[in-house]
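Notes for the one structure printed next.
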Amino acid sequence: MGGLAHYIERAGIATTQISLVREHTEKIKPPRALVVPFELGRPFGAPLEPDFQRRVLLDVLALLERDEGPVLETFPDDPPGTGDAEDGEGWACPVNFGPGLQEADVTEDPLGALTQEMDRLKMWYDLGLKERNGRTTVGISGVPLSDLTAYLTAFIKDEDTAPPRTDIPRERVLKYAIDEMKAYYFEASSAQPGTPSDKELSDWYYGETVAAEILRDINTMCANSADEDLAMMSDRRIFPIHQQHRKRETAERSPHWLAKPKE
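Have a look at this one:
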């Protein structure tokens, strides 16, 4: 966006922007930019913090009053919730991993284990839904979430399992299912006390949940598939770049039904 701003300015339109990476902005030298000390993906700092977000917005718009550039200012404050962990009131895992979850073994009964975990999240998901006035990204595929999770757990046994939608390519249905499951977990976690960082939330989801086990099996299934579109899914479309270490190294580490690695 910094490079594009130069072209827009030449047309006589003033521009301003938020920068999450100071080094990039210093090299591109856009006409006006506000560097913020926030996580990637959170340009206004923290979700559900309208007063703080308004401060950021007003500060970046105030740069439009500056005629001479390039202007590079720094927002002075960290987002709300950053210091909660130091006060002993940091973010808590929204799933109670008590004895009940031991009733369903993810290796022998992946759908049962996943359903059990998601049921424990439902109270938090419903609370978060209420706090967001009914807004959710769960459901954009047009398929009930229960059908999507059933497809995911069937897919890890047989990649040729019939998808819940046949009007779009199989890999897109798979991606929809993966994304909607993630949205359910992330939206449920937003209702918990504290404001988790993106890393905390990702480490929990991709490292500590039954859903993570399902994703690891799906990733291995795709990596070993003869279908090129599915094989490409295993690159960075299932585990984001900062969670690549969560992948299984070989299919031998996966449940017994998964295919062996290609020769």
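As numbered in this note's numbering, residues 31 to 293 make up the sequence shown, in order.
Backbone N, C-alpha and C fix where the C-beta goes; we use that ideal spot for every residue, glycine too.
- Exposed is the label assigned to Glu238, since fewer than 16 other Cβ atoms lie within 10 Å of its Cβ.
- Here Asp81 is exposed: its Cβ has fewer than 16 other Cβ atoms, across all protein chains shown, within 10 Å.
- Annotation: His36 to Gly224 spans about 40 Å, alpha carbon to alpha carbon.
- Taken through DSSP and simplified to helix, strand or coil, Ile43 comes out as coil.
- Between the alpha carbons of Lys277 and Leu93 lies a distance of about 44 Å.
- Residues Arg62 of the same chain have their beta carbon placed closer than 7 Å to that of Arg96, with the five preceding and five following residues left out of the count.
- By the Cβ rule, the region 180-197 counts as touching the region 246-254, because three or more pairs are nearer than 8 Å.
- Short of 6 Å from the beta carbon of Glu79, and not among the five residues preceding or following it, lie these beta carbons of its own chain, in chain order: Pro110.
- In the structure shown, Leu78 falls within a coil segment according to DSSP collapsed to helix, strand and coil.
- With the rule of 3 Cβ pairs closer than 8 Å, the region 194-208 does not count as touching the region 133-145.
- With a threshold of 16 other beta carbon atoms within 10 Å, Ala241 meets it and is buried.
- Judged by their CB atoms, Tyr236 and Leu151 are not nearer to each other than the 8 Å cut-off.
- For the region 149-226, the continuous alpha helix (DSSP H) assignments of 4+ residues that do not extend past its boundaries occur at 175-185, 200-219, in sequence order.
- Rounded to whole angstroms, Ala261 and Cys252 show a C-alpha spacing of 5 Å.
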